[in-house]
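Visitor: Quick one: the structure is below, questions incoming.
Numbering (this note's numbering), first residue to last: -9 to 642.
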């Protein structure tokens, strides 16, 4: 049987107990002496008076009754008598106050040790939807219009050669440490049997914050990205443990520039309209009248890429060509706030929706007797085309224009849209890509074998590592290259292109051109995600990111733009990418042994409550040292102590 008391700490409970014990100790002693005197016979032998006197004089009664025991006893006797009484009271106070400083401390970590780890089933929608990993078969088909031999391969086979597999399997941070979350076992390009990813949303997590574990992944939605981690937790720890693991981290990188153009409109009868508005104004905020006259360029330095230069070039050229589509408007003819009426039939996008749009949203334009399409402008912005060589230097860049979420401009509450309310959407030019890096993940859990029991943080590792992709002369449109971290011994391998760096930008491949994959190669998923973002409107397999059907998402996007318009636009696209990758990719690297620091309980103490004990120590230390000194040096003889005890007994 146990007594439960609420709203009290361990220290407070110990203090109450000490108060009760001290109370019982002193009152019981007084009561026993009082009863002894009451029941004392009138006549007693001398030995009895000896015992009675000792009991009376050692009790608190002489102090309480102010008897004359100490009168005329001399300074030394009086001083040490009162010192004894004071220390007795101080001991009682210290015994009562000191426990108040006790509290349950944080878990501490025992010395590191190895512990077995086992997979933990994920029962979330993502976990339930994941296809069996043991049935996964890696493969690849090369050739856009006809079969061509993949790197290291003979034609007419999807098998990846063993020597290539071994090179990328030298570390667990390569293409064979990831899989499609869901896949279809069927036929791919040129009728080869192949696993095809099912690129769809199982459970959108875009509204979540922080870093957490999902099925086969670690997901960070504050600084968007995913880590490939097959969730194995240590077992046999009663209070949990902490440990660290290095994982391959994939993160979206995006840079946006403001085109200084906005879409502005007034809501009318939108309560019953599927699309909030289809007629609007394109308003010049500096995108036309203040457009630069210098042709934009960007540096071509392989892996040292500047995405902002790409976004800026795309934005400048888009604005310039749009001016031609608006009747060859010149800079001098436009001005701040000039509005150009547009509608859906001209642009194929609706006001009110957060969405990527065509870089030439008003259609192709003739420039110097050459027709320039939106696809042409995308190629110029991205810096590569399908007929360029697939290699480590041709980084997969994806360009688009992006309409940010609607912002109310008439001062009304954005949560209360109404007829005749006015709204505006900023237009951004964005360039994006995918970057791989190594991250050290720090895990803490409470011993519960459940992913929700994990606390996760991440940090960079200390040294650059060796990254590689296949060396080939194939065109980008014909091949999706294998890439990942490789062993240091692969540096200088003629079949690989390598770079030692903290980060690695994923190279362009056929999936970046076509937006589809031809085989069971999961390294194409980042490209498919960027392609899906460019065509997210109307894609029924992907969750609605426009904000039309999800007002919580709309509010999150609106706040990102309010906090920082340019970086907010980039953050929105990075969140979309992370949400898609979490729904389509899993990590397969599993640890069976972990180096852990097991959690051990601790007690905390507030030293303020130790002040009485410190005072007691100040009295005890010189007193004890002095007594020990006179005894050890012989200044006080033990025989003299015995003599005094014999001759000072009561009744002598």
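Where is the CB? At the ideal position from N, CA and C, for every residue including glycine.
Per DSSP, what kind of secondary structure is residue 627 in: helix, strand or coil?
Guide: Coil.
Visitor: Are the Cβ atoms of residue 473 and residue 497 separated by less than 9 angstroms?
Guide: It is a contact, given that the beta carbons lie within the stated cut-off.
Visitor: Between the segment 598 to 608 and the segment 234 to 243, are three or more C-beta pairs nearer than 8 angstroms?
Guide: Flag = no, the segment 598 to 608 and the segment 234 to 243 do not touch.
Visitor: For the alpha helix (DSSP H) holding residue 155, just list the boundary residues, first then last.
Guide: It spans 152 to 158 - the alpha helix (DSSP H) in which residue 155 sits, taken as one unbroken run.
Visitor: Inspect the beta-carbon positions of residue 391 and residue 277 and report whether they are closer than 9 angstroms.
Guide: Their beta carbons are not under 9 angstroms apart, which means residue 391 does not touch residue 277 by this criterion.
Visitor: Going by DSSP, which residues form a beta bridge with residue 241?
Guide: Paired residue(s): 425.
Visitor: What residues match up with residue 325 in a beta bridge as DSSP calls it?
Guide: None; residue 325 has no bridge partner.
Visitor: Considering residue 221, what are the terminal residues of the beta strand (DSSP E) in which it resides?
Guide: That residue, residue 221, is in no beta strand (DSSP E); it is neither H nor E in DSSP.
Visitor: Please report the distance separating the alpha-carbon of residue 346 from that of residue 416.
Guide: Whole-angstrom Cα-Cα distance: 12 angstroms.
Visitor: With burial defined as no fewer than 16 other Cβ atoms inside 10 Å of the residue's Cβ, what is the status of residue 537: buried or exposed?
Guide: So residue 537 counts as buried.
Visitor: For residue 471, collect the residues of the same chain with a Cβ closer than 6 angstroms to its Cβ; drop the 5 residues on either side in sequence, then sort them by chain order.
Guide: Result list for residue 471: 380, 459, 460, 497 and 499, in chain order.
Visitor: Considering only the beta carbon of each residue, do residue 578 and residue 206 sit closer than 9 angstroms?
Guide: The answer is yes: Cβ separation under 9 angstroms.
Visitor: In whole angstroms, what separates the C-alpha of residue -9 from that of residue 97?
Guide: Residue confidence for residue -9 is low, a pLDDT of 47 falling below 50, so the modelled location carries little weight and cannot support an answer.
Visitor: Counting C-beta neighbours from all protein chains within 10 Å, is the total for residue 542 16 or more, i.e. buried, or is it exposed?
Guide: Exposed, since its Cβ has fewer than 16 Cβ neighbours within 10 Å.
Visitor: Please state whether DSSP places residue 188 in a helix, a strand or coil.
Guide: Residue state, collapsed to three classes: coil.
Visitor: Taking the alpha carbon of residue 455 as the reference point, which residue from 489, 576, 211 and 291 has its own alpha carbon closest?
Guide: Among 489, 576, 211 and 291, the Cα nearest to that of residue 455 belongs to 489.
Visitor: Are the CB atoms of residue 423 and residue 243 nearer to each other than 9 angstroms?
Guide: Yes, they are a contact pair.
Visitor: Are there 16 or more other CB atoms within 10 angstroms of the CB of residue 274, so buried, or fewer, so exposed?
Guide: Counting Cβ neighbours within 10 Å, residue 274 comes out buried, since at least 16 surround it.
Visitor: Exposed or buried, residue 251, counting other C-beta atoms within 10 Å across all chains shown (16 or more means buried)?
Guide: Classification for residue 251: buried.
Visitor: At which residues does the alpha helix (DSSP H) containing residue 620 begin and terminate?
Guide: Note, residue 620: alpha helix (DSSP H), 601 to 622.
Visitor: Give me whichever residues DSSP pairs with residue 257 in a beta bridge.
Guide: DSSP output for residue 257 lists no bridge partner at all.
Visitor: So, residue 585 versus residue 222, is the Cβ gap smaller than 9 angstroms?
Guide: The answer is no: Cβ separation not under 9 angstroms.
Visitor: Taking the alpha helix (DSSP H) that residue 490 belongs to, which residues open and close that run?
Guide: Where residue 490 is concerned, there is no enclosing alpha helix (DSSP H), although the beta strand (DSSP E) it sits in stretches over 486 to 491.
Visitor: Look at the Cβ atom of residue 209, then the Cβ atom of residue 568, and state whether they are nearer than 9 angstroms.
Guide: Closer than 9 angstroms, so yes.
Visitor: Reducing DSSP to helix, strand and coil, say where residue 109 ends up.
Guide: It is a strand residue.
Visitor: Is residue 204 buried or exposed, if buried means 16 or more other CB atoms sit within 10 Å of its CB?
Guide: Residue 204 comes out buried.
Visitor: Tell me which same chain residues have a C-beta within less than 6 angstroms of the C-beta of residue 116, skipping the five on either side of it?
Guide: Contacts found: 192, 193, 204 and 205.
Visitor: Could you check the C-alpha separation between residue 622 and residue 616 for me, to the nearest Å?
Guide: When rounded, the distance between both Cα atoms is 10 angstroms.
Visitor: What does residue 331 pair with, by DSSP beta-bridge criteria?
Guide: DSSP lists 271 as partners of residue 331.
Visitor: From residue 378 to residue 292, what distance separates their C-alpha atoms?
Guide: Straight-line Cα distance between these residues: approximately 13 angstroms.
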